[in-house]
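Numbering (my numbering), first residue to last: 250 to 658. Okay, so here's the structure we're looking at.
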Amino acid sequence: MPQLRSRFVVGAAALAVAATGVTILMPMGTASAARVEATCANTLDDAKTLQAAIDSSKDGDEIVVKGPCLVNATISLPGRRTFRGDSKAGTVIKQADGANLPALLASEGWVKNFDTSDDTLRVERLTIDGNRDANTGTVALMLRSWNARIYDIDVYGAPSDGIRISNPSKDGVMLRNTMVNSVISDVYIAGAVEAGLRVVDPGNSVTDWTFQRSWIGFSGTHAIQSDNAAGWTFSDLHLYATPKHAIDAHRCFGTSIHNNYIEDFGAESKANETYYGIRCDLQGEANTTITANRIHKFLPPPNGLQELTKAWKLRAAPPERRRDTTAGPLPADVDFVYLALDGVNYGTGHAAVTGNTILGHGTKRETGLLFTKGDGEGEAMSVVSTANLVDNVGTPRRIGPGVRLRRSY
250 MPQLRSRFVV GAAALAVAAT GVTILMPMGT ASAARVEATC ANTLDDAKTL
300 QAAIDSSKDG DEIVVKGPCL VNATISLPGR RTFRGDSKAG TVIKQADGAN
350 LPALLASEGW VKNFDTSDDT LRVERLTIDG NRDANTGTVA LMLRSWNARI
400 YDIDVYGAPS DGIRISNPSK DGVMLRNTMV NSVISDVYIA GAVEAGLRVV
450 DPGNSVTDWT FQRSWIGFSG THAIQSDNAA GWTFSDLHLY ATPKHAIDAH
500 RCFGTSIHNN YIEDFGAESK ANETYYGIRC DLQGEANTTI TANRIHKFLP
550 PPNGLQELTK AWKLRAAPPE RRRDTTAGPL PADVDFVYLA LDGVNYGTGH
600 AAVTGNTILG HGTKRETGLL FTKGDGEGEA MSVVSTANLV DNVGTPRRIG
650 PGVRLRRSY
């Protein structure tokens, strides 16, 4: 159970700070939660306005952001609060030109280098614009909170990762507790320079999250890149226009990868590289399930990001993508693996791979299913592989040494 920091709660009072655009509407009673409003003016004072509203809040409060915000400093989000906009269209938090922040919005513990995770942060109903054309290196939303809830947000144009969940703090302080039991749902992450969703965990703290019902498109590297997928559920995702791997999940332990539509992967197609639709290496002692995923290798149009950017500026839907115009011959010197269990890190890895559908281009350098124990310290891999449809792929299934195919019951 994560260790919780105690906080001193002061008595409630009605307060209005006109100079910062902050209004606090607080009912009487010391234990009552408040609605704290922060109204931005789309100027470089907005970061001060937002942070003043947040700093004036207490445990249980809801910070409501109004209007477009132009931000030139990292906004620090303490736990035990809700941070929301009036709507995704009405509340757009945009990084100012040349700010080059390490993170646009970030958990307080990451900013202040705590060695324990923050508690119960909720972010919802807003848009985060990283302004990638005028900045470098910025993570749009940096999370370091357990029991977090991230709902109904758009993340566009992050100069680094769209959403990053990080064990190390800003200055590299590692957690001495866990960061678990969190949900990211109903989000749209588009045009990140690096990964759409990134999990950075050199230790073993970022486990048991759910990422569901969301879209990631036109990332610069991976759609999902996770150092630690233990206890995670990745489900009902649409991942497209991905240069590298669509789902690159390491340390799978009780992991579920279910019902995802992978439209593209490996779009950068560098010579002598291997790209994966779903990739997972296993830990021992727990089962992983990979089920009901639909994996394709369409090729995104070369001007796809430009079209997406234009649509974003016009607040319009992106142009229709058609298979007959985006599919084409695959390069002859690149390998594509649609679904892979490619390592066991210790003990015996256990996984069920069932009911997935894969459609390829019929080339010799495409592999539908790959199961191999790899070069890790694991003893063996125990796999059920059944009821998977693999069509038009040069190698439908490849099995390496140390893999035991189990009977399905």
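The C-beta atom is built at its ideal place from N, Cα and C for all residues, glycine as well. All of these numbers come straight from a predicted model, not from anything done at the bench.
Around the CB of Gln300, 16 or more other CB atoms lie within 10 Å, so the residue is classed as buried.
The bridge partners DSSP lists for Lys315 are Thr288. Comparing C-alpha distances from Leu350 to each of Ala601, Pro327, Ala383 shows the shortest one belongs to Ala383. For Gly526, the enclosing beta strand (DSSP E) has its first and last residue at 523 to 531. The beta-carbon distance between Tyr400 and Glu357, rounded to whole angstroms, is 20 Å. This is too long to meet the 8 Å contact definition. Residue pairing of Ile607 in beta bridges, as defined by DSSP: Ile544, Val639. It is roughly 6 Å from the alpha-carbon of Thr616 to the alpha-carbon of Pro645. DSSP lists Glu373, Ser434 as the beta-bridge partner residues of Tyr400. Going by C-alpha positions, Leu608 is about 14 Å away from Arg614.
Counting only residues of its own chain and dropping the five nearest sequence neighbours on each side, Ala287 has a CB closer than 6 Å to the CB of Val271, Thr298, Leu299, Ala302, Val314. If the five residues before and after Asn396 are omitted, its C-beta is found closer than 7 Å to the C-beta atoms of Asp368, Thr369, Asn430, Ser431, all from its own chain and listed in chain order. The segment 591 to 604 and the segment 534 to 544 touch, with three or more beta-carbon pairs separated by less than 8 Å. Non-local beta-carbon contacts of Thr603 in its own chain, meaning distances under 6 Å to residues more than five positions away in sequence, involve Thr540, Thr635, Ala636 in chain order.
One Cα belongs to Glu443, the other to Gly469, and the distance between them is close to 5 Å.
Burial is judged here by how many other beta carbons sit within 10 angstroms of a residue's own beta carbon; Asp346 has fewer than 16 and is exposed. Just measuring C-alpha positions, the residue of Glu628, Asn641, Tyr658, Arg656 sitting nearest Gly649 is Glu628.
Residue pairing from DSSP places Lys343 in a beta bridge opposite Leu319, Asp378. Comparing alpha carbon positions, the residue from His499, Asp485, Lys337 closest to Thr456 is His499.
Scanning Thr459, Ala495, Thr612, Gly440 for the CA closest to the CA of Ile414 turns up Thr459.
A straight line joining the alpha-carbon of Pro580 with that of Ile511 spans about 20 Å.
The residues Gly592, in chain order, have a CB closer than 8 Å to that of Asp624 in the same chain once the five nearest residues on each side in sequence are set aside. By the Cβ neighbour-count rule, Thr385 is exposed, with fewer than 16 other Cβ atoms within 10 Å of its own.
When secondary structure is reduced to three states using DSSP, Val583 falls in the coil class, being assigned neither helix nor strand.
Glu615 sits in a strand when the DSSP states are folded into three classes.
For Gly553, the enclosing alpha helix (DSSP H) stretches over residues 553 to 562.
The residue among Ala495, Leu619, Asn362, Asp530 with its C-alpha nearest the C-alpha of Ala516 is Ala495. If you draw a 10 Å sphere on the C-beta of Ser281, you find fewer than 16 other C-beta atoms in it, and that means exposed. Excluding its 5 nearest sequence neighbours in each direction, Arg653 has C-beta neighbours in its own chain below 8 Å: Ala629, Met630, Ser631, Val632, listed in chain order. Within a 10 Å sphere around the beta-carbon of Ser484 sit 16 or more other beta-carbons, which makes this residue buried.
Distance from the CA of Ile402 to the CA of Arg462, rounded to the nearest whole angstrom, comes to 12 Å. In the DSSP secondary-structure assignment, Val429 is not bridged to any residue. In chain order, Glu556 place their CB closer than 6 Å to the CB of Pro568, counting only its own chain and leaving out the 5 sequence neighbours on each side. Straight across, the Cα-Cα distance linking His487 with Asp513 is about 10 Å. Bridge partners of Ile303 according to DSSP: none are assigned.
For the set Leu392, Tyr405, Ile412, the Cα lying nearest the Cα of Gly379 is the one of Tyr405.
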